[in-house]
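Enquirer: Numbering (the numbering used here), first residue to last: 195 to 297.
Where is the CB? At the ideal position from N, CA and C, for every residue including glycine.
Structure, rendered in structure tokens:
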């Protein structure tokens, strides 16, 4: 349930920018004030939970293999966001955790 909540809350707080990002706006409100990738965190844990609930060794194993790949994809996305939004996004990264809230 927490994983699903993170995914839904992230999509809700991102609003229409989930599908069509705007050039001059970066999301700094809602759950995004705490972590930069709430949808990613929710998705990664959701795969593992579903694998356990379905008693699927493959899906459970896949969630462990998928985790480092997903982390790499998130940091690649951040490089794009740094190019797009510049110092504003760099400052946001300094004060917000990628996958876990800072202090």
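Take the Cβ of residue 281 as the centre, count every other Cβ of all protein chains shown within 10 Å, and call the residue buried at 16 or more, exposed below.
Expert: Position 87 of the chain shown, counted from the start, is the residue given in the question as residue 281. It is exposed - the Cβ of residue 281 has fewer than 16 other Cβ atoms within 10 Å.
Enquirer: Where residue 196 and residue 278 are concerned, what is the direct C-alpha to C-alpha distance, given to the nearest angstrom?
Expert: The count along the chain shown starts at 1 and reaches residue 196 at position 2. The count along the chain shown starts at 1 and reaches residue 278 at position 84. Using only the alpha carbons, I get a separation of about 31 Å.
Enquirer: Measuring straight from C-alpha to C-alpha, what distance separates residue 276 and residue 237?
Expert: Taking the first residue of the chain shown as 1, we reach residue 276 at position 82. Taking the first residue of the chain shown as 1, we reach residue 237 at position 43. Just so you know, the alpha carbons of residue 276 and residue 237 end up roughly 23 Å apart.
Enquirer: What are the boundary residues of the alpha helix (DSSP H) that includes residue 286?
Expert: In the chain shown, counting from the first residue as 1, residue 286 sits at position 92. Start and end: 281 to 289.
Enquirer: Three or more C-beta pairs closer than 8 Å, one from the segment 237 to 248 and one from the segment 282 to 289: is that the case here?
Expert: no
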